[in-house]
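Step one of this worksheet: look at the structure below.
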Amino acid sequence: MSTSRRGFACMDPEKQREIASRGGKSVPAEKRSFSQNRDLAAQAGRKGGLASQNGEGAR
Numbered sequence: 001m002s003t004s005r006r007g008f009a010c011m012d013p014e015k016q017r018e019i020a021s022r023g024g025k026s027v028p029a030e031k032r033s034f035s036q037n038r039d040l041a042a043q044a045g046r047k048g049g050l051a052s053q054n055g056e057g058a059r
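Dropping the structure here:
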């Protein structure tokens, strides 16, 4: 495996932030389910937290 910094990792940190911030703006707020339903967001957060605590998360 190569250890050299390539692609996104070698970009200027400010450029990385600019690109990363676009992800949250790509879908209008009214189309984002979690922005419309706080209970749904909380439920998903709990589910993800439980999965990671039980070792069932991404590997």
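The opening position of the sequence shown corresponds to residue 1 in the UniProt record's numbering, with each subsequent residue numbered one higher.
Glycine included, each C-beta is placed from N, C-alpha and C at the ideal position.
Pairing residue 39 with residue 33, the inter-Cα distance amounts to about 10 Å.
Collapsing the DSSP output to three states places residue 22 in a helix. Secondary structure at residue 39: helix, using DSSP grouped into helix, strand and coil. Inter-residue distance for residue 49 and residue 8 is about 28 Å (C-alpha atoms, whole angstroms). The beta carbons of residue 35 and residue 44 sit about 13 Å from each other, so the pair does not count as a contact at 8 Å.
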